[in-house]
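Top line first, the protein sequences correspond to chains A and B. For any residue, its number in the working numbering is found by taking its place in the first sequence, counting from 1, and adding 11. For any residue, its number in the working numbering is found by taking its place in the second sequence, counting from 1, and adding 332. Working notes, structure below.
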Amino acid sequence: NAGVTQTPKFQVLKTGQSMTLQCAQDMNHEYMSWYRQDPGMGLRLIHYSVGAGITDQGEVPNGYNVSRSTTEDFPLRLLSAAPSQTSVYFCASSYSSWSSYEQYFGPGTRLTVT
Amino acid sequence: DQQVKQNSPSLSVQEGRISILNCDYTNSMFDYFLWYKKYPAEGPTFLISISSIKDKNEDGRFTVFLNKSAKHLSLHIVPSQPGDSAVYFCAAWAYNQGGKLIFGQGTELSVKP
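If you want it as structure tokens, here you go:
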């Protein structure tokens, strides 16, 4: 199993550009989530999904969209990038929302917005 | 309002000694508490957890203690090894909050040979 994969590893955007961060898992996990990691802030939840077709907002959802059309994929879209979205983004998955305390994380995408 | 707090950004320990990482929380409704470990340029990995109905859980060199009255948990690593050098995140989870993990700010542990 590849586990949780994320692409790209690095990305530089200009203010106002849009892009999609890709996330896929091959463990047939129902629960998937996106976090951002900023210095001194820990990991903060952006959006999450308890299954295909179901998504919900986390702690810091503004400026981001998600969709979950398949169990495997959970892309994160930045609609109009801002310097405040410079961060490291992690995708994670777990078997179900009942066990979502134990999540498997991808390697991360480092995004810089200039 | 930070529900999970790690007040020490860094900790330095000699190899072979005990490392103690601390975490405080504010919400008494959390069901599980967890520690995740993160190496540079990698995603966090699950290390150890404890249910809110227990006060101690042990896994090899790692032990987590939970003091519910003080809303405090700690991770003990004995003996510490250089490979333990990483950032450790405390996290809390409540099923009735959508199964969301709430993370602390992280503590960077450095174990010196």
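For glycine and all other residues, C-beta sits at the position ideal for the given N, C-alpha and C.
Residue environment, residue i, which counts as buried when at least 16 other CB atoms sit within 10 Å
i	result
B/Gln413	exposed
B/Arg349	exposed
B/Ala402	exposed
B/Lys390	The sequence given here places Glu at residue 390 of chain B; Lys does not occur at that position. It counts as exposed.
A/Gly53	buried
Distance, residue j Cα to residue i Cα
i	j	result
B/Lys386	A/Leu56	27 Å
B/Lys388	A/Val23	45 Å
B/Phe397	B/Phe365	10 Å
A/Tyr115	A/Gly62	16 Å
A/Thr31	A/Arg88	4 Å
A/Gly51	B/Phe378	20 Å
A/Arg121	B/Pro372	12 Å
A/Gln36	A/Glu83	5 Å
B/Pro411	B/Met361	33 Å
A/Ile65	B/Val443	43 Å
Beta-carbon proximity check, residue i vs residue j, cutoff 7 Å
i	j	result
B/Ser289	B/Asn354	This structure gives no information on residue 289 of chain B, because the portion of chain B shown stretches from 333 to 445.
A/Pro86	A/Val124	no
B/Phe394	B/Ile382	no
B/Gln346	B/Gln437	no
A/Cys102	A/Gln17	yes
A/Glu113	A/Ser105	yes
B/Ser344	B/Asp363	no
B/Gly375	A/Pro118	yes
A/Met43	A/Ser60	yes
B/Tyr357	B/Val336	yes
B/Thr439	B/Ser340	yes
Secondary structure of residue i, DSSP reduced to three states
i	result
A/Gln96	helix
B/Tyr368	strand
A/Asn39	coil
A/Ser60	strand
A/Gly53	strand
B/Asp387	coil
B/Gln429	helix
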